[in-house]
Structures are given as structure tokens and as C-alpha cells.
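Numbering (this note's numbering), first residue to last: 258 to 552.
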């Protein structure tokens, strides 16, 4: 019943223009700031860890702006799920670096597209799959009906989805060897043993080594991708080639260019990053928990 109601709500949101949806997010974000919400502490903690040079009031303002952006992300979900290809891509206001992807695919080479929880990351698989063979790695919801709904949305322009887990590596390797593009979000904490601690905003963050392993195993170029929100208009999509350190034998060294790219991307619009995610919840041995339980 909850899923039926959610899909109905998304259908209704899809009827509204994007400019109105983004405007509606301003009072919704103000309300979210006022309401007690368990995610407030994670946001406050992340901002304090990543921007220690900011004054307390600056971080509070950033926190409030972030809530508006998260409301925009939520309200524009109807467009992402249900708008036609033509209508959706009319709101892609600019594209930079797509030729980097096309050049590799035209050579018959696979491309590893690496994104993060910035802007509207759901736009990227739709944009890429409308233009090229594309396989996306995702974390499948536990509920089968929700998984089916999410898969239908993300694959509606031709993307194929691979659920994270043991068989995922084989599926992605096969796609790269077929000369296809694959995509993943690299700022999710992996399980212990599937990643290493690498500096992110000066903090040790457990980070997946999958990008490094895939690029080394297949000699595949890595290209970073982000869909920045342009309030009231749509999204600006950027593709940027990773430097050669991404294939370094040392996994910590290989993660450095990815974190540098993400930090510079966040610096343009820090409110658009997913600060509610407990990125530093897994700590090096002996280090204390960083996230308080209450606001």
C-alpha cells in the first residue's frame, strides 16, 4: 500500500513544472529544518568534520540550504521516474565532456563512469543509457516490489542493472569487455575487507577499491560524472577524465584522484551533496564513533 501511494504521489509530482517543484522545496526545506529528524545529527557532524574552518553559523546556513536541495531531489523524482525522454532532457541545461565517453566507445572500448551522491545522481543513468549501451551497479532494496519499481525507473531508457554482491564483478567485467559503459557511485561505504581507508576532506573514509580493480583488470579508462542541479531550470552534466593515478598499484593512492574530484565538485555547490549519509561511520581500529545519537 505504501508503494502504491508513493507511486501515485510521484505521478502527481510529474504533472508539475520543474520550476514550481524547485520553488516548493524552499518552504519544505524550512519545515524539515524545524522538525525533529534523526538525520540532523549526521548532517551537522559531517559538515563539522569536512568544513572545520567554517564558523558555526555558516555551517547552520549550509545545513538549511542542504535541506532545500534534498527537498528538490525528492520533489523532482516524479520527473525522473515518469517524464518522457524528450521532456526530461530539455531540462539538461548543459553537458560537458561527453565526447570523452563517445571517443572510447567508438574505439570499441568499455568506459567506467564513476559518480557520487551529488546533485541528482538518478539523472546520469538515464542520460547515458539513452545514448550508449550502459550497465549500472546498484544496491537492491530488500523488498521485491520496491526493487522492481526502482529497476523499472532506472532502466526505462535502456540501462541494465546489476545488483551489488558477489556476481556483480563478473557482470561488470563482461560489460566492459563488450565495449559498454558501466556506472557506479563510489562514495558508499563498502563492507570491511572490500575497501581501504583513504582521506576524504582530511578524514579517513572507508572507500571501495572496486574502481581501481576494474580499471586495472581491463585497462578501462575511468571518467567521473556528476549532474549538478541548476535551480528552476534542470541539471548541468559534467564528465571528467580521471588521472593516471586511478590505476596505481597502491589502492589508497588510486582513491586519491576520486576523492580530489569529489571534493572539488562539492566545493562548487556544497549544499547538493548527501550530507545525511554517515560517510565516516566505519572507523579505523581503535578510533571512536563520530556520530552522536541525539541532536
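Even glycine gets a Cβ: it sits at the ideal position worked out from N, Cα and C.
Remember, predicted model here, so these are calculated numbers, not experimental data.
Backbone CA spacing between residue i and residue j [nearest angstrom]
i: residue 459; j: residue 429; result: 31 Å
i: residue 417; j: residue 502; result: 29 Å
i: residue 262; j: residue 457; result: 38 Å
i: residue 510; j: residue 305; result: 25 Å
i: residue 280; j: residue 358; result: 34 Å
i: residue 519; j: residue 374; result: 10 Å
i: residue 327; j: residue 420; result: 25 Å
i: residue 406; j: residue 333; result: 17 Å
i: residue 469; j: residue 517; result: 15 Å
Residue burial classification, residue i (beta-carbon count within 10 angstroms, cutoff 16)
i: residue 531; result: buried
i: residue 219; result: Residue 219 is absent from the model: the chain starts at 258 and stops at 552.
i: residue 462; result: buried
i: residue 440; result: buried
i: residue 289; result: buried
i: residue 401; result: exposed
i: residue 472; result: buried
i: residue 389; result: buried
i: residue 514; result: buried
i: residue 542; result: exposed
Contact set for residue i: own chain, Cβ-Cβ below 6 Å, skip 5 residues either direction
i: residue 367; result: 433, 436, 437 and 477
Proximity of residue i and residue j at Cβ, strictly below 8 Å
i: residue 493; j: residue 350; result: yes
i: residue 267; j: residue 335; result: yes
i: residue 369; j: residue 453; result: no
i: residue 486; j: residue 348; result: no
i: residue 483; j: residue 495; result: yes
i: residue 528; j: residue 297; result: no
i: residue 445; j: residue 539; result: no
i: residue 260; j: residue 403; result: yes
Close Cβ partners of residue i (< 8 Å) along its chain, the five nearest in sequence each way excluded
i: residue 387; result: 342, 346, 414 and 415
i: residue 544; result: 461
i: residue 337; result: 345, 377, 379, 380, 383 and 410
Same chain, Cβ closer than 7 Å to residue i, five either side skipped, listed in chain order
i: residue 308; result: 316
* To do: Could I get the ranges of all uninterrupted alpha helix (DSSP H) runs contained in the segment 438-488, with 4 residues as the minimum, in chain order?
  => Complete alpha helix (DSSP H) runs here, min 4: 467-475.
* alpha helix (DSSP H) segments (min. 4 residues) lying fully within the segment 334-381 -> For the segment 334-381, whole alpha helix (DSSP H) runs of length 4 or above, ordered along the chain, are 334-339, 342-346 and 355-363.
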